[in-house]
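These notes concern the structure reproduced below.
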Amino acid sequence: MHDETPNEADRLERLARKHAGARMGWYIHALVYVCVNAGLALIAWQTGRAWHLYPLAGWGLGLAIHGLAVWLGGGGIGLHERLLQAERDKLSRTRRS
Numbered sequence: 000m001h002d003e004t005p006n007e008a009d010r011l012e013r014l015a016r017k018h019a020g021a022r023m024g025w026y027i028h029a030l031v032y033v034c035v036n037a038g039l040a041l042i043a044w045q046t047g048r049a050w051h052l053y054p055l056a057g058w059g060l061g062l063a064i065h066g067l068a069v070w071l072g073g074g075g076i077g078l079h080e081r082l083l084q085a086e087r088d089k090l091s092r093t094r095r096s
């Protein structure tokens with residue numbers, strides 16, 4: 000038996016969907032990064048210059064930050080949930096006083 004109320008189950012379902020969506024967004028970002036930068040590397044290789052390293056590094060930094068936010072921070076979802084819970088706690092204390 001589950002001790003979850005229907006509202007709690009709905010909330011968990013929404014949260015799970017947000018987390019999965021954030022991770023899927025990162026996977027898509029990573030796939031586009033690889034494909035585009037492979038194309039740029041091919042073009043740069045044909046011209047004999049290494050200019051492709053600049054977009055590779057810049058975009059790679061953005062991809063890394065995106066990954067950190069998604070995989071370590073929950074895509075901002077964890078922070079949002081903590082802020083909501085803090086507000087709920089504050090409001091419940093205020094009402095009890």
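Counting with numbering that gives the first Met the number 0, you get residues 0 to 96 for the letters of the sequence shown.
All residues carry an ideal CB built from backbone N, CA and C; glycine is no exception.
Taking the Cβ atoms as the reference, W58 lies roughly 6 Å from Y32, within the contact range of under 8 Å. Look at the stretch 50-94 and you find no whole run of beta strand (DSSP E) that is 3 residues long or longer. Residues A49, W50, H51 of the same chain have their beta carbon placed closer than 7 Å to that of A43, with the five preceding and five following residues left out of the count.
Judged by DSSP in its simplified three-state form, T4 adopts coil rather than helix or strand. In the structure shown, the three-state DSSP call for G47 is coil. Counting other Cβ atoms within 10 Å of its Cβ, N36 reaches 16 or more and is therefore classed as buried. Between the alpha carbons of R94 and D88 lies a distance of about 10 Å. Taking C-alpha positions only, L62 is separated from L90 by approximately 38 Å.
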